[in-house]
Structure formats: structure tokens, C-alpha cells
Amino acid sequence: FAVSNVNFIIKAVKVTSPNGSETWTVGEQHNIIWTYAGTIPNVKLEYSTDGGNSYSTITNSVATSNLSYPWTVSGDAIGSQVRIRVSSISNPNIQDSSNANFTINGVKLTAPDSGTWNAGTSQTITWTSQGTIGNVKLDYSTDAGATYPNTIIASTSNNGTYAWTVPTQAVNNQARFRVSTVSDPTI
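Mapping of the sequence shown onto our numbering: residues 33 to 219, in sequence order.
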């Protein structure tokens, strides 16, 4: 008879959706679905925007027995090389990810991300987008993003950049910016 030279893991978790080629949109809710075998009480859910090279957390723990998790697609997850990973909390080596990349359409603000902008100065707001995105709307908040009542521009070309002269009424230590599509402000 013959035996293995080293221990190995028999995979007990399997991602079934999204598993590749899907197209989701920021703000939509989609179920992340998996199957499992054995005793795995809880799993961690993550997404990758670079084909599985690095991952960001969706949720740190969900009961495995749920077999799905309703995810409102994050604006941080846009791209065409997105994958989902489901891993055991007790043994992260027991995990599976989407078999192939899928796409998340939407827009993502890239600047400003932090720092200080002075009133009266010209600054550049930048964003990236994926999919068929028409004109975008730019707003800012002075209450840490609780509301966005201040419109910078109601409609501008989706070219990824907008020059803005910071008005004095925007002076605030809780300012945040938002970029959204004109046709659907939830994206």
C-alpha cells in the first residue's frame, strides 16, 4: 500500500454564485451563494478587484448554514476582475473563490480621499467608472456623509476628472464628496 507524504485539505466550501461572467451594478443587492460539507459554523466573505490577488472584507462572519448572503454591491468593488471568496473562520485554509472574474459596473471616487483643501483654491475631483455610465453628478456633504445637499455640478461628462474651485461655504472638517450617475443616483 501507499500513503500521502504530507497532510492535505479536502475543500469543504464552494462558491456557487457569483462564479464568473456575471455583471452586477453598484447599489444592487445580489446573493453570494455557497455550499459546504462538514462542520463549519461560520464563514468570512470577501471580494477582490484584481482577479484574486488581494481581498477586502464584506463581512467577518456569517452562519454557514445560511448558504447565502445578501450583498448590496459596494462602490469600492467596481471593475472587471472581481471575485468573491468564502472562507472558514476557524480554518482560513478551507476556502473557495469564484472560478472566474465577473464585472461590477458603477463609479468610484478616487480624489479627494483625505487631506485638506483650502477655500478659494482650485482642486481636481477624480473618479473611475466601469460599464456604460453616462454623465455624472458631483455633490459634497458637510456632515460626514449623512446627507449630500450641496451640488457641485448636476451633470458633467463621465471623463473621470472635474476641476472645482472650493467655495467658502464648504469650509468644514467633516466634508465628503460623492459622485453618482445622473440617470441613477444610487450608482
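Note that beta-carbon positions come from the ideal geometry of N, C-alpha and C, so glycine has one too.
Since the structure is predicted, the reported quantities are computational estimates derived from the model, not experimental observations.
8 Å Cβ shell around residue i - same chain, five flanking residues per side excluded
| i | result |
| --- | --- |
| W103 | Q61, H62, N63, I64, L77, I90 |
| G217 | It should be pointed out that residue 217 corresponds to Pro in this sequence rather than to Gly. If we look at P217 and ignore the five residues flanking it on each side, its Cβ neighbours are K169. |
| T179 | S173 |
Cutoff 7 Å; reference residue i; Cβ partners in own chain excluding five residues on either side
| i | result |
| --- | --- |
| A186 | K169 |
| G84 | R115, S129 |
| S93 | N74, K76, I121 |
| A109 | Y79, T81, I136 |
| A176 | Q206, R208 |
| Q113 | T81, D82, G83, N133 |
| W149 | Q155, V198 |
| V214 | G166, N167, V168, K169, S187 |
| N190 | S161, I165, G166, N167, V168 |
Proximity below 9 Å, CB of residue i to CB of residue j
| i | j | result |
| --- | --- | --- |
| T96 | N74 | yes |
| V58 | I219 | yes |
| Y87 | S106 | no |
| V139 | W66 | no |
| T183 | S154 | no |
| T158 | G111 | no |
| I165 | W56 | no |
| P199 | A143 | no |
| F134 | G70 | no |
| A195 | T160 | no |
Which of helix, strand or coil DSSP assigns to residue i
| i | result |
| --- | --- |
| T200 | helix |
| A109 | helix |
| N74 | strand |
| N98 | helix |
| T164 | coil |
| F241 | This structure cannot speak to residue 241, because the chain is shown only from 33 to 219. |
| Y194 | strand |
| G147 | coil |
| G138 | strand |
| S154 | strand |
| I64 | strand |
| N182 | strand |
| V118 | strand |
Beta bridge counterpart(s) of residue i as assigned by DSSP
| i | result |
| --- | --- |
| T81 | Note: T81 sits in no beta bridge, so no partner. |
| Y87 | Bridge partners of Y87: none, in fact. |
| S130 | DSSP output for S130 lists no bridge partner at all. |
| S173 | R208 |
| V47 | W66 |
| T188 | V168 |
| T104 | Q61 |
| T55 | T135 |
Cβ-based neighbour list, residue i, same chain, cut-off 6 Å, excluding 5 preceding and 5 following
| i | result |
| --- | --- |
| P181 | none |
For the region 160-178 and the region 195-214, state whether three or more C-beta atom pairs, one from each stretch, are separated by less than 8 Å. yes
Taking contact to mean 3 or more Cβ pairs, one atom from each stretch, closer than 8 Å, check whether the region 119-136 and the region 41-57 are in contact. yes
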